[in-house]
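Colleague: Note that the protein sequences, when read in sequence, are chains A and B.
Per our numbering, the very first residue in the first sequence carries number 80; after that it's consecutive.
Per our numbering, the very first residue in the second sequence carries number 36; after that it's consecutive.
Quick reminder that beta carbons are idealized off the backbone N, C-alpha and C, glycines included.
Since the structure is predicted, the reported quantities are computational estimates derived from the model, not experimental observations.
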Amino acid sequence: DTAVSQTPKYLVTQMGNDKSIKCEQNLGHDTMYWYKQDSKKFLKIMFSYNNKELIINETVPNRFSPKSPDKAHLNLHINSLELGDSAVYFCASSQYGIEREYTGELFFGEGSRLTVL
Amino acid sequence: AQSVAQPEDQVNVAEGNPLTVKCTYSVSGNPYLFWYVQYPNRGLQFLLKYITGDNLVKGSYGFEAEFNKSQTSFHLKKPSALVSDSALYFCAVTHETGANNLFFGTGTRLTVIP
Numbered sequence: 080d081t082a083v084s085q086t087p088k089y090l091v092t093q094m095g096n097d098k099s100i101k102c103e104q105n106l107g108h109d110t111m112y113w114y115k116q117d118s119k120k121f122l123k124i125m126f127s128y129n130n131k132e133l134i135i136n137e138t139v140p141n142r143f144s145p146k147s148p149d150k151a152h153l154n155l156h157i158n159s160l161e162l163g164d165s166a167v168y169f170c171a172s173s174q175y176g177i178e179r180e181y182t183g184e185l186f187f188g189e190g191s192r193l194t195v196l
Numbered sequence: 036a037q038s039v040a041q042p043e044d045q046v047n048v049a050e051g052n053p054l055t056v057k058c059t060y061s062v063s064g065n066p067y068l069f070w071y072v073q074y075p076n077r078g079l080q081f082l083l084k085y086i087t088g089d090n091l092v093k094g095s096y097g098f099e100a101e102f103n104k105s106q107t108s109f110h111l112k113k114p115s116a117l118v119s120d121s122a123l124y125f126c127a128v129t130h131e132t133g134a135n136n137l138f139f140g141t142g143t144r145l146t147v148i149p
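Structural data, given as structure tokens:
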């Protein structure tokens, strides 16, 4: 049973198109994230949701729009794709402790490799 | 602002030898420190963390790391490397008031030579 699953795993598309990546976690976690990993393997947070509420929104073009229909799902929609959007996008989840302490461990999906031509 | 430095892009070590992957950090407030490993075409996997308590933390697969506050370091170590340890290793940092925003280093590729 996959804990954090992303679809699609590979996505090849033309510049200017709109695409979505879906993410689901079955761990019962309350927090989900999108990270972007570029060709040099540099990993940067894009968004974070806690119980469906957006809590982190890094400096990301507004062509990127996350949506969390419930706390087990976090989707990423990208409008007007550009060459520079080519990367691997990772979804992750984590859980705050009972006393709201940060437990720190992120569970990552296997990534969605986006190639913009 | 928080930052993580992994000064070595690549570390090579012979199988059976001890390994060290270096990490230094900068953060305001108390640091929360993590190591993750990424195998080819896979997501990152949590190895170990330091949040509070003992400076030496033990994690998965025989790895350990030592928090050194004076040197602002959190180096990853293993006494005896295995070929299967070959992977990309990421150090990450956050702090208690910004705990949700994990900031990753640029990664170190570890190659264990048989």
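Looking only at DSSP bridge pairs, what is V92(B) linked to?
Modeller: For V92(B), which the question treats as bridged, DSSP gives the partners A100(B).
Colleague: Would you call the CB atoms of A122(B) and V72(B) closer than 7 Å?
Modeller: yes
Colleague: Comparing alpha-carbon positions, which option in T86(A), P87(A), K88(A) and N96(A) lies nearest V65(A)?
Modeller: No information on residue 65(A) is available, as it lies outside the stretch 80 to 196 that chain A covers here.
Colleague: Look up L162(A) in the DSSP assignment and say whether it is helix, strand or coil.
Modeller: Of the three classes helix, strand and coil, the one that applies to L162(A) here is helix, per DSSP.
Colleague: Quick one: list the residues of chain A neighbouring G51(B), beta-carbon separation under 9 Å, in chain order.
Modeller: Those within 9 Å of G51(B) in chain A number zero; the least Cβ separation is about 27 Å.
Colleague: Give the residues of chain A in contact with F109(B), contact being defined as C-beta atoms less than 9 Å apart.
Modeller: Per Cβ cutoff of 9 Å: no residues; F109(B) is ~13 Å from chain A at best.
Colleague: For chain A, is any of its Cβ atoms less than 7 Å away from the one on N103(B)?
Modeller: no
Colleague: Give the range of the beta strand (DSSP E) segment to which E103(A) is assigned.
Modeller: K98 to Q104
Colleague: Do I124(A) and S191(A) count as a contact pair if the criterion is CB distance below 7 Å?
Modeller: no
Colleague: Between the segment 157-175 of chain A and the segment 105-115 of chain B, are three or more C-beta pairs nearer than 8 Å?
Modeller: no
Colleague: Would K112(B) pass as an interface residue toward chain A - the criterion being a Cβ-Cβ separation below 7 Å?
Modeller: no
Colleague: Cβ of F81(B) less than 7 Å from any chain A Cβ?
Modeller: yes
Colleague: Closest by CA to M111(A), which one among I157(A), R142(A) and E103(A)?
Modeller: The residue with the shortest Cα to Cα distance from M111(A) is E103(A).
Colleague: Using 7 Å as the threshold, is the C-beta distance between V83(A) and S172(A) below it?
Modeller: yes
Colleague: Using the DSSP secondary-structure output, state which residues sit across from S144(A) in a beta bridge.
Modeller: H156(A)
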